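Reading through the structure tokens given below for one structure.
Here it is in structure tokens:
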């Protein structure tokens, strides 16, 4: 059963899909999961639920204004979602409508301000795994596209956020540093600057990784046997200082908590040799029930979409049946789901050996 996509489905009332974040961020609800029990708390209480000397690891990626609206030279409207940079000013993008966009097609993206020239791109290749296109951008003054993207692009909110009233700032973590993601590492959206200070005062260590969230994270699983699912690669950096902090945490008998599933995938990728080491490169790690954990002792996470690879990852920590039971509890209690929703704290005692 744990290998079937259909066993990771659940019914969610539409009204529980959060359209706006809670303000302040740390006022969201927190479902705390221990060995055999669970309790309902508020997120700002998380400092009381961890032990001095524990380590929280955050993904410091920053959502880039990756959604571009433009047109073909003929005038037909198009939309592009930038996914990852392949080389200087050459990007993999999902373009729609995309069927009638052959190699050689030129796309024009008008600036969002009056004083900037149009941005022009040419389709130079197709990408079969994603169904996307490779776009070569003719950037004014030959600057890196990321440096001028604010003039042309918008933050890409998830498709289930239909209210369209949240601000771009609300879809960034307060510690976001390195632009490159097309979606936020949403477990981190609950943290405020004040809460991070409070955690530090309590003696809870903090460290960071960088995983640029791309299609590998948000593309749905579509095959019934999940072992046939192929994750798309995403760029990852686990720095030496984070490795040192994690190893020191373990040595003193404390626990390593990942903030979000992207942080889980980062740490576990860096330990695939059997030893946690600094890492810089691509990752396509797919974690599902039966996975043997190497680094992560606990998890802060949001409530994920049915049938998603993220739901399978959390099932590898808790077991699929228990996780879906907890989702049923959250639905009954009116928790808010998905990116702007409430959170779950999985304590080490709850994790399968």
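In the numbering used here, the protein residues as written are -7 to 345. Don't be surprised by glycine CBs; every beta carbon is placed ideally from N, CA and C. These numbers come from a predicted model, not from an experiment.
1) Are the beta-carbon atoms of residue 57 and residue 142 separated by less than 8 Å?
2) Might you give, ordered along the chain, the residues of its own chain that have their beta carbon closer than 6 Å to the beta carbon of residue 77, omitting 5 neighbours on each side?
3) If you count every other CB in all the chains shown that lies within 10 Å of the CB of residue 1, and 16 or more means buried, which is it?
4) So for residue 254, helix, strand or coil by DSSP?
5) Can you tell me whether residue 316 sits near the ligand MG, meaning its C-beta is under 7 Å from at least one heavy atom of the ligand?
6) For residue 135, does the count of other Cβ atoms within 10 angstroms reach 16, so buried, or fall short, so exposed?
7) Would you please state the rounded distance, in angstroms, between the beta carbons of residue 323 and residue 4? I believe it to be under 8 Å.
8) Can you tell which of 189, 223, 157 has its C-alpha closest to the C-alpha of residue 39?
9) Just to confirm the assignment, what range does the alpha helix (DSSP H) spanning residue 197 have?
10) Measuring only the C-alpha atoms, how far is residue 158 from residue 13?
11) Sorted by chain position, which residues of the same chain lie with C-beta nearer than 8 Å to residue 277's C-beta, five sequence neighbours on each side aside?
12) The beta strand (DSSP E) that contains residue 47, what's its start and end?
13) In chain order, what residues of the same chain have a beta carbon less than 6 Å from the beta carbon of residue 200, not counting five sequence neighbours either side?
14) How is residue -2 classed by DSSP in three states: helix, strand or coil?
15) Name the two residues that bound the continuous alpha helix (DSSP H) containing residue 314.
16) Helix, strand or coil, according to DSSP, for residue 222 in the structure here?
17) Cβ of residue 175 within 8 Å of Cβ of residue 205?
18) If we require 3 or more residues per run, which beta strand (DSSP E) segments fall completely within the segment 261 to 291?
19) At a cut of 8 Å, does the segment 329 to 343 reach the segment 296 to 311 through at least three beta carbon pairs?
20) Using CA atoms only, rank isn't needed, just tell me which of 80, 112, 154 is closest to residue 70.
21) What residues match up with residue 78 in a beta bridge as DSSP calls it?
22) Does the Cβ-Cβ distance between residue 122 and residue 86 come in under 8 Å?
Let me spell this out:
1) yes
2) 83
3) exposed
4) helix
5) Although the ligand MG was asked about, the structure shown includes no ligands whatsoever.
6) exposed
7) 7 Å
8) 189
9) It is not in any alpha helix (DSSP H) - residue 197 instead sits in the beta strand (DSSP E) that spans 197 to 203.
10) 8 Å
11) 223, 257, 260, 261, 264
12) Where residue 47 is concerned, the enclosing beta strand (DSSP E) stretches over 47 to 51.
13) Hits under 6 Å: 50, 52.
14) Three-state DSSP puts residue -2 in a helix.
15) It spans 312 to 324 - the alpha helix (DSSP H) in which residue 314 sits, taken as one unbroken run.
16) coil
17) A contact, by the Cβ cut-off of 8 Å.
18) Runs found: 271 to 275.
19) yes
20) 112
21) As DSSP reads the structure, residue 78 sits in no beta bridge.
22) yes
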